[in-house]
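K.L.:
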Amino acid sequence: MLGDGGWHGIRPYVPVLGAKFGSHLADDSDGHPPAGRLVKTLLICHHDAALDHIGIARWLGSFSELVGVVQVREPRQRLWRRIRREVTRVGPVRFFDVLAYRAYQRVVLAAGDRAWEAGALERLCAAYPPPPPGTPILVTSSPNSREAAEFIQRCGPDVTLARCKSLLKPEIFAFPRHGTFVLHPGVCPEYRNAHGCFWALASGDLHKVGATLLRIDEGVDTGPVYGYFRYAYDEVAESPFVIQGLGPAMADEVLPLEISRVETPS
41 MLGDGGWHGI
51 RPYVPVLGAK
61 FGSHLADDSD
71 GHPPAGRLVK
81 TLLICHHDAA
91 LDHIGIARWL
101 GSFSELVGVV
111 QVREPRQRLW
121 RRIRREVTRV
131 GPVRFFDVLA
141 YRAYQRVVLA
151 AGDRAWEAGA
161 LERLCAAYPP
171 PPPGTPILVT
181 SSPNSREAAE
191 FIQRCGPDVT
201 LARCKSLLKP
211 EIFAFPRHGT
221 FVLHPGVCPE
231 YRNAHGCFWA
241 LASGDLHKVG
251 ATLLRIDEGV
261 DTGPVYGYFR
271 YAYDEVAESP
281 FVIQGLGPAM
291 ADEVLPLEIS
301 RVETPS
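41 is the number of the first residue of the sequence shown in my numbering; add one for each residue after it.
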């Protein structure tokens, strides 16, 4: 069972949660970079997700060397492909339910959601300074593009944090020596889909409304789990968007990962 107040971390598999998200790496006796060097991190996110490309970037830069940011600007054709794929997967009737909820969200909830997002971003900006002006940024149509792969290789991150909707190809997620991680909005493996918090709420599974820190592998949210986190949400007063989005907004309160104790991917 997850904790009841604030963000809480649980270590069900390996003891890797430490005081810093890889602030320093171990010595080079086992192939790690020299002791005392800040871990090099890279962020993959969407260009219009300010909580990520502004807030999370600041958070990462507060304890690591942020060596690059990949901002994904998806073309409209990809949205239509995603819609067709979803209609094929769930059928026209269930897809109409999705459209109805999106309309309700836009008309009734959107203003409150935007206000919450602005407040969360303001809090992160007040807590952390911006990354150095020269931090490399790549704007690309896909995190799996050749230019993204080449950019990541040039930046040479030890760890990548992925905050994007696309499944990453092995050549993207496997490049960082210590892996690519995701703070998934949902408790895995029960709620592995893109709207894990929503479905936990809809199912009345209130103790499984939270986030999962996991390392990406070739499956869909099937990689090793390094922690579960939750906060004292209000399922009546807060919209699913707010509850689902608290991963990035509360990132600084999640007990971070100590990279020096993470098993290096083979």
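Beta carbons are placed, not taken as given, at the ideal position from N, Cα and C, and that holds for glycine.
Just so it is clear, the structure is predicted and the values come from calculations on it, not from any experiment.
Among the candidates 88, 273, 117, 126, whose CA atom is the shortest distance from the CA of residue 238?
P.N.:
Among 88, 273, 117, 126, the Cα nearest to that of residue 238 is on 273.
K.L.:
Please report the straight-line C-alpha distance between residue 11 and residue 213, rounded to a whole angstrom.
P.N.:
In the structure displayed, the chain extends from 41 to 306; residue 11 sits before or after that span and is not available.
K.L.:
Taking 7 Å as the limit between beta carbons, can you name the residues of its chain near residue 208, skipping five residues before and five after?
P.N.:
Closer than 7 Å at the Cβ level, and outside the excluded window around residue 208, lie 183, 184, 202, 220, 256.
K.L.:
Return helix, strand or coil for residue 256, following the three-state DSSP convention.
P.N.:
Of the three classes helix, strand and coil, the one that applies to residue 256 here is coil, per DSSP.
K.L.:
What residue from 253, 232, 122, 126 has the CA that sits closest to residue 259's CA?
P.N.:
The candidate whose alpha carbon is nearest that of residue 259 is 232.
K.L.:
Is the Cβ-Cβ distance between residue 173 and residue 107 less than 8 Å?
P.N.:
No, the pair does not count as a contact, with Cβ atoms beyond the cut-off.
K.L.:
Output the boundary residues of the beta strand (DSSP E) element that contains residue 204.
P.N.:
Taken as a continuous stretch (DSSP letters only), residue 204 belongs to no beta strand (DSSP E), as it is neither H nor E.
K.L.:
How big is the Cα-Cα spacing for residue 11 and residue 251?
P.N.:
Nothing about residue 11 can be reported from this structure: the residues present for the chain run from 41 to 306 only.
K.L.:
Which word fits residue 112, buried or exposed, when buried means at least 16 other C-beta atoms lie within 10 angstroms of its C-beta?
P.N.:
Per the 10 Å Cβ criterion, buried.
K.L.:
Alpha carbons only, please: which of 104, 99, 94, 97 is nearest the one belonging to residue 78?
P.N.:
Nearest C-alpha to residue 78: 104.
K.L.:
Should residue 121 be labelled buried (16 or more other beta-carbon atoms within 10 Å of its own) or exposed?
P.N.:
Label assigned to residue 121: exposed.
K.L.:
For residue 134, does the count of other Cβ atoms within 10 angstroms reach 16, so buried, or fall short, so exposed?
P.N.:
Exposed: under 16 other Cβ atoms inside 10 Å.
K.L.:
Determine the extent of the alpha helix (DSSP H) in which residue 103 is found, giving its start and end residues.
P.N.:
It is not in any alpha helix (DSSP H) - residue 103 carries neither H nor E in the DSSP assignment.
K.L.:
What is the residue span of the beta strand (DSSP E) that residue 267 lies within?
P.N.:
Residue 267 -> beta strand (DSSP E) spans 265–269.
K.L.:
At the level of alpha carbons, what is the spacing between residue 49 and residue 277?
P.N.:
Low confidence applies to residue 49: its pLDDT is 38, below 50, so where it sits in the model is not reliable, and the reading given next is rough at best. So the alpha carbons of these two residues sit roughly 24 Å apart.
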